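So that you can map any letter, position 30 of the sequence shown is 32 in this note's numbering, and since no number is skipped, the others follow by simple counting. We treat Cβ as the ideally placed atom computed from N, Cα and C, and that holds for glycine. The structure displayed is predicted, hence computed values, not measured ones. Written below as structure tokens is the structure these notes are about.
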Amino acid sequence: MKINQVAAQMYTCRAFLQSPADIAKSLKKIKEIGYAAVQMSGQCQIDDHELCKMIEGEGLICCATHESPDMILKTPEAVVEKLNNLKCKYTAYPWPQDIDFGSEDDVAGLIKGLDAAGKVLADAGQILTYHNHHMECRRLNGQVILERIYDETNPAYLQGEIDSYWLHYGGCENVSWCNKLSGRLPLFHMKDYMITDKNEITFAEIGNGNLSFKDIIPAAEAAGCEWFIIEQDECPVDPFESLKISLDYVAENLCDLPVAMV
């Protein structure tokens, strides 16, 4: 992993993205911290071309987005247009909205919808990925649902955006999932997992938690990961400071590690 492959998930600082002026200020801060790229998510309504101009004006790349579940499944053509406007190749289905993972019909319907939407993006030269939380790690009829999502979709239509925190929270193992998705993992959400002094689970800056990124990152890179995206759902300090702490740790400890053998 090279430092220019590391991006900031803007959802981390979503409270500072609620007007176009605030988006511009936030992108400037992200560039000053040292990030090369951003994944856009959590911002207010803004014209795509205006947003693209802001991103490029700071010398940043829009490496990926998160779009709404409904938009992806119901109007994937609109996703294609938005990605084109942002000069972006990747998006992710961010959250299984209104999906009952105890229902075979719901799970099968989601899988079918993802495959169909992914085909629309693939035909346009773009890639749909799946962003997991912990609930996809539950079993339905004896099989882990996240496995079904990938097993029952065409790799050309759906690829992976593993979230390290949520995968671990769900009881699955990051390195083994990187191996499972070899050749199918363009995006990886770096998010650390911490136990507080009150014995509570929470999010942490990279390096301040318990996840073994020195093992995880080489495995993700071996799987073909293009973008390593730092995200922190909740921050104990200013979110820009958390993003800086994470990037500083990554730059010092995780770049240029030997790629794992799989």
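| Asked | Found |
| --- | --- |
| Distance CB(residue 11)-CB(residue 231) smaller than 8 Å | yes |
| Length of the line joining the Cα atoms of residue 240 and residue 30 | 16 Å |
| Residues that DSSP places opposite residue 68 in a beta bridge | 94 |
| Secondary structure of residue 155, DSSP reduced to three states | coil |
| Coarse secondary structure for residue 73, derived from DSSP in three states | helix |
| Burial state of residue 14 (16 or more Cβ within 10 Å) | buried |
| Option in 83, 170, 235 and 187 with minimal Cα separation from residue 280 | The chain is shown only over 3 to 264; residue 280 falls outside these bounds and no answer can be derived. |
| Residues near residue 88 by beta carbon distance below 8 Å, same chain, minus five either side | 42, 50, 53, 54, 57, 64 and 67 |
| Beta bridge counterpart(s) of residue 190 as assigned by DSSP | 164 and 230 |
| Proximal residues to residue 212 (C-beta, below 6 Å), its chain only, five neighbours per side dropped | 195 |
| Inter-stretch contact (C-beta, 8 Å, three-pair minimum) for the segment 195-208 and the segment 118-133 | no |
| Sufficient close CB pairs (3 or more, under 8 Å) joining the segment 179-196 to the segment 19-29 | no |
| Supposed contact pair residue 148 and residue 134 - C-beta distance, whole angstroms, cut 8 Å | 6 Å |
| Nearest-angstrom Cα separation, counted from residue 242 out to residue 92 | 24 Å |
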